[in-house]
Amino acid sequence: MDYQYILGGILACSLAFVFVVYGFGEKKKTGSSSMDVKSNGYAKTSSENGICSQEIVGETDIIIVGAGVAGAALAYTLGKDGRRVHVIERDLTEPDRIVGELLQPGGYLKLLELGLEDCVDEIDAQRVFGYALYKDGKNTKLSYPLEKFDSDVSGRSFHNGRFIQRMREKASTIPTVKLEQGTVTSLLEENGTIKGVNYKNKSGQEFTAKAPLTIVCDGCFSNLRRSLCNPKVEVPSHFVGLILENCNLPHANHGHVILGDPSPILFYPISSTEIRCLVDVPTGQKLPSLGNGEMANYLKTVVAPQVPPELHASFIAAVDKGNIRSMPNRSMPASPYPTPGALLMGDAFNMRHPLTGGGMTVALSDIVLLRNLLKPLRNLHDASALCIYLESFYTLRKPVASTINTLAGALYKVFCASPDPASIEMRRACFDYLSLGGVCSDGPIALLSGLNPRPLSLVLHFFAVAVFGVGRLLIPFPSPKRMWIGARLISGASGIIFPIIKAEGVRQMFFPASVPAYYRMPPVH
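Residues 1 to 525 (UniProt numbering) make up the sequence shown, in order.
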């Protein structure tokens, strides 16, 4: 009900007002082919129900399903710690995707922690220092607060497939890591405990691989997660992707976000000669067909007039070239079933709208956390004790992951065009608030970049934008109509962010130390 959101919004706004007044007084400084490694195991043939399969016999500590960003980074990290890791990936050739191409500075810091920073070398990756935001012919530049960090710390943008191949190659250099091309068909369960996986190798032969711990990282289209979590997948929009060639962005080494109609348009470099363009098409609007020319016509007539003049000719040329692709944007809060012998990671576990480019930062942060939790354990064979201990993983990850997830969902809803006067005011207030600079831009950009992912800071800034918008409505003369729009603005802001926070988990997000799992200690033996 509206009155509930208004009441919640008023309380949040009071905190936001104190935060903003204090902030202005003291500015923050937020600061491929095979890649197989020899295995110690051997195959044993067995037959059940007339179907022949082979069991991999030998010592494996951890099976990882999937070798994307999360799976490959995890394999390298655990292998480097001495774990015997068997990675099974459906396709070890270089992926070709239109997302997962921008790594925020917070994600790069996690790469440094994992020793994977050289994976952005030799792939023509571009450094990214912030964003340029466009609305109604105006633009503002928002720089990452990198003053307190070493000179090499920044965002990186690249071809997703090149980055993944570099991490797979790095993982394959660890003697205890085996990468194998194969398709996992099911998890192997015995008495409620996951003992391993059933899979088909590249030749179609059926195998069973066993390990004390199986980590599922098979991406956003995971067919294994249903037994490990409660997947509530939403598709708020689709991205239509194309590549602009041999042109320069108006603001070099910055991502560009155009607050277009009906929804945002993104531009960012993915090599020294290529710029990725992603056009968002909301789910409520029919996605134009790629095959019959509808999409090309839509891009030329609806999107092109909203593109910055410096990119217009290259945008039209990219549309004419015809290499246009689309993909659904999915969001899914983490809702795991703690299962002995198994764990979910990456997009198979948790997704958010890719508008803010936070997915890889969340995945890499989760890997650092899991590595630290597993380090004290000599062996992983007590599945029940391990499962109870790793419940702490789900709690400890929440503040960082939920901040990035909530920001992505909230920003997307604010940035989409709407005929509603309160939504129009909220969108305008967001652009003008960020344009103020100082704490008004440093704070939100520190959240978006993963450099300062604090839930309370996110809520305070979000309602500071709402207060800013209401204040402009009431000054100089607060008419009844303006007061009503202001009340609906607060209600609308509350209706955007509170449901997202509820889905993420209020207690785990804001008060993780109050959750018993936060204090779980490693099993003694």
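Here a beta-carbon is modelled for each residue, glycine too, at the ideal position from N, C-alpha and C.
If we call anything under 7 Å between Cβ atoms a contact, is residue i one with residue j?
{"i": "residue 99", "j": "residue 354", "result": "yes"}
{"i": "residue 374", "j": "residue 396", "result": "no"}
{"i": "residue 408", "j": "residue 362", "result": "no"}
{"i": "residue 238", "j": "residue 281", "result": "yes"}
{"i": "residue 444", "j": "residue 510", "result": "no"}
{"i": "residue 110", "j": "residue 174", "result": "no"}
{"i": "residue 357", "j": "residue 102", "result": "yes"}
{"i": "residue 217", "j": "residue 342", "result": "no"}
{"i": "residue 527", "j": "residue 105", "result": "This structure gives no information on residue 527, because the portion of the chain shown stretches from 1 to 525."}
{"i": "residue 156", "j": "residue 125", "result": "yes"}
{"i": "residue 161", "j": "residue 95", "result": "yes"}
{"i": "residue 492", "j": "residue 473", "result": "no"}
{"i": "residue 333", "j": "residue 503", "result": "yes"}
DSSP three-state label for residue i, please.
{"i": "residue 345", "result": "coil"}
{"i": "residue 209", "result": "strand"}
{"i": "residue 430", "result": "helix"}
{"i": "residue 123", "result": "coil"}
{"i": "residue 324", "result": "coil"}
{"i": "residue 277", "result": "strand"}
{"i": "residue 180", "result": "strand"}
{"i": "residue 332", "result": "strand"}
{"i": "residue 103", "result": "strand"}
{"i": "residue 220", "result": "coil"}
{"i": "residue 203", "result": "coil"}
{"i": "residue 94", "result": "coil"}
{"i": "residue 498", "result": "helix"}
{"i": "residue 521", "result": "coil"}
{"i": "residue 132", "result": "strand"}
{"i": "residue 198", "result": "strand"}
{"i": "residue 384", "result": "helix"}
{"i": "residue 491", "result": "helix"}
{"i": "residue 241", "result": "strand"}
{"i": "residue 353", "result": "coil"}
{"i": "residue 186", "result": "strand"}
Given that a residue counts as buried once 16 or more other Cβ atoms are within 10 Å of its Cβ, and exposed if not, what is residue i?
{"i": "residue 285", "result": "exposed"}
{"i": "residue 145", "result": "buried"}
{"i": "residue 426", "result": "buried"}
{"i": "residue 524", "result": "exposed"}
{"i": "residue 252", "result": "exposed"}
{"i": "residue 62", "result": "buried"}
{"i": "residue 507", "result": "exposed"}
{"i": "residue 31", "result": "Low local confidence applies: a pLDDT of 38 at residue 31 is under 50, so the model's placement there is unreliable, and no value is given."}
{"i": "residue 167", "result": "buried"}
{"i": "residue 108", "result": "buried"}
{"i": "residue 521", "result": "exposed"}
{"i": "residue 4", "result": "Confidence at residue 4 is low in this model, with a pLDDT of 49, below 50, so its placement is unreliable and no value can be given for it."}
{"i": "residue 76", "result": "buried"}
{"i": "residue 204", "result": "exposed"}
{"i": "residue 479", "result": "exposed"}
{"i": "residue 235", "result": "exposed"}
- Could you pull out every unbroken beta strand (DSSP E) segment of at least 3 residues lying fully inside the segment 134–170, listed in chain order? 138–143 and 155–157
- Query: For the 8 Å Cβ check, are there 3 or more pairs between the segment 216–233 and the segment 264–273?
  - Reply: no
- Message: Does the structure place the segment 81–94 close enough to the segment 138–152 that three or more beta carbon pairs sit under 8 Å?
- Response: Taking a cut-off of 8 Å for Cβ pairs, the segment 138–152 and the segment 81–94 do not touch, as fewer than three such pairs fall below it.
- Do the segment 169–188 and the segment 288–301 meet, that is, are 3 or more Cβ pairs less than 8 Å apart? Because the criterion of three Cβ pairs below 8 Å is not met, the segment 169–188 and the segment 288–301 do not touch.
- Query: Taking three-plus beta-carbon pairs below 8 Å as touching, is the segment 377–397 in contact with the segment 129–138?
  - Reply: no
- Item | In chain order, each beta strand (DSSP E) run of at least 3 residues that lies wholly inside the segment 248–274 | 255–258 and 265–269
- Completely contained alpha helix (DSSP H) runs for the segment 415–476, where each covers 4 or more residues: 421–435, 439–448 and 455–474
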